[in-house]
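K.L.:
Sharing a structure below in structure tokens format, with a few things to ask.
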Amino acid sequence: MSALTAALDELVTANRILAREGVVDSFGHVSLRHPDRPDRYVLSRARAPDCIEIEDLMEFALGGTPIDPAGRTPYAERFIHGAVYAARPAVLAVVHHHSPSVIPFTVTAARLSPIMHMCAGIGTSVPTWDSRTRFGDTNLLVTTEDMARDLADALGDRSVILMRGHGAVVAGASLREVVFNSIYLQLNAALQMQAHALGEVIFLNEGEVAAVRRTRGAFTFERAWEHWCRRAGRSYDARSMEGPLAGG
Ligand SMILES: [Zn+2]
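Have a look at this one:
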């Protein structure tokens, strides 16, 4: 299997894992910056993530134009991915999802913040972007470059941003990292609501979050990825232990 084919296969696996773990349902998507062309990204045609095959994957310019559509219909919200890749050269993978656990935090003043060590990757300050602020009454979908750039600006150098009445964007340095942080973002949201029902919540502080992120290496992502591959019925490719995450 060529390096590119292996990368595309990993993107299919990322879709299947996010579906299996309930982060995405019929909607939501995950992309990969093209391994050989940093000015492009790879994203499925508009299809539910659990159904995606390697033939569904399409290349896009960062502005959202498909390179070779071949009759395939792209996601209406693909602009999110290109805007994040354009703004953040170090970002190599992006997830956009509508996890039900996260939505309550997008429509209230409650602050979504790590309450558990495994969730530190979401960062201490998870802001919420509101499309209404600049774009007024819309159907809430990010369907233009202008909206996507505004969202990417609000994301800044963070790993996660919430979207009011809609969902979230998770950006990172690998598919394993963004899938990991998407799943633990969802878990943190559910746990935080449970904890809040019991009483005052003690969040991880900035020093603890920084310490977790500093000491988290490839091993953590690999251990989770192997487990999630098994649950999603996908083969586990351990070769990426040799990749840029090793030793991190
Ligand atoms: Zn969406």
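Each residue of the sequence shown is one higher than the one before, starting from 1 at the first, in the numbering used here. Virtual Cβ for every residue (Gly too), placed ideally from N, Cα, C.
In the DSSP assignment, the beta strand (DSSP E) including S253 goes from what residue to what residue?
P.N.:
Only positions 1 to 248 of the chain appear in this structure, which leaves residue 253 out of reach.
K.L.:
Does the segment 182-189 come close enough to the segment 14-27 to have 3 or more Cβ pairs within less than 8 Å?
P.N.:
Cβ pair count under 8 Å is three or more, so yes.
K.L.:
Rounding to the nearest angstrom, what Cα-Cα distance links G156 and E200 in this structure?
P.N.:
Here residue 156 corresponds to residue number 156 of the sequence shown, with the count starting at 1. Here residue 200 corresponds to residue number 200 of the sequence shown, with the count starting at 1. Spanning the two alpha carbons is a distance of roughly 30 Å.
K.L.:
May I have the straight-line CA-CA distance separating R111 from T143, to the nearest angstrom?
P.N.:
By one-based count along the sequence shown, residue 111 stands at place 111. By one-based count along the sequence shown, residue 143 stands at place 143. Cα to Cα, R111 sits roughly 27 Å from T143.
K.L.:
Since S31 sits in a beta bridge, which residues does DSSP pair it with?
P.N.:
What you label residue 31 is simply residue 31 of the sequence shown in a count that begins at 1. S31 is bridged to V94.
K.L.:
Taking the C-alpha atoms as reference points, what is the distance between E59 and D36?
P.N.:
Position 59 of the sequence shown, counting from 1, holds the residue named residue 59. Position 36 of the sequence shown, counting from 1, holds the residue named residue 36. Taking the straight line from one Cα to the other gives about 12 Å.
K.L.:
Say the cut is 7 Å; is the CB of H98 nearer than that to a heavy atom of ligand 1?
P.N.:
For the purposes of this step, residue 98 is identified with residue 98 of the sequence shown, where counting begins at 1. Answer for H98: yes, Cβ within range of ligand 1.
K.L.:
Can you pull the DSSP bridge partners for A154?
P.N.:
Looking up residue 154 in the sequence shown gives position 154. Bridge partners of A154: none, in fact.
K.L.:
Can you tell me where the alpha helix (DSSP H) holding F105 begins and where it ends?
P.N.:
Position 105 of the sequence shown, counting from 1, holds the residue named residue 105. Residues 103-106.
K.L.:
Within a Cβ cutoff of 8 Å, which residues of the same chain sit near G247, ignoring the five residues on either side of it in sequence?
P.N.:
Taking the first residue of the sequence shown as 1, we reach residue 247 at position 247. Because G247 carries a pLDDT of 36, less than 50, the predicted location of this residue cannot be relied on, and the following value inherits that uncertainty. Excluding residues within five positions, the ones whose Cβ falls inside 8 Å are G217, A218.
K.L.:
Can you tell me whether DSSP reads A224 as helix, strand or coil?
P.N.:
Start at 1 with the first residue of the sequence shown, and residue 224 comes out as number 224. The answer is helix: DSSP assigns A224 an H, G or I state.
K.L.:
Using DSSP with H/G/I as helix, E/B as strand and the rest coil, what is G217?
P.N.:
For the purposes of this step, residue 217 is taken as the residue at position 217 of the sequence shown. In this structure, G217 counts as coil in the three-state DSSP scheme.
K.L.:
So for A60, helix, strand or coil by DSSP?
P.N.:
The residue labelled residue 60 in the question sits at position 60 within the sequence shown. It is Phe, not Ala, that sits at residue 60 in the sequence shown. The answer is strand: DSSP assigns F60 an E or B state.
K.L.:
Assuming L162 is part of the alpha helix (DSSP H), what are its boundary residues?
P.N.:
What you label residue 162 is simply residue 162 of the sequence shown in a count that begins at 1. Taken as a continuous stretch (DSSP letters only), L162 belongs to no alpha helix (DSSP H), being part of the beta strand (DSSP E) at 160-163.
K.L.:
Give a single yes or no on whether E145 has its beta carbon closer than 7 Å to a heavy atom of ligand 1.
P.N.:
Working through the sequence shown from its first residue, we reach residue 145 at position 145. No; taking the cut-off as 7 Å, the Cβ of E145 has no heavy atom of ligand 1 nearer than that.
K.L.:
Considering only their Cβ atoms, is the gap separating A238 from E222 smaller than 8 Å?
P.N.:
Here residue 222 corresponds to residue number 222 of the sequence shown, with the count starting at 1. Here residue 238 corresponds to residue number 238 of the sequence shown, with the count starting at 1. Yes, the pair counts as a contact, with Cβ atoms nearer than the cut-off.
K.L.:
Buried or exposed for M1, going by 16 or more other Cβ atoms inside 10 Å?
P.N.:
Position 1 of the sequence shown, counted from the start, is the residue given in the question as residue 1. Flag for M1 reads exposed.
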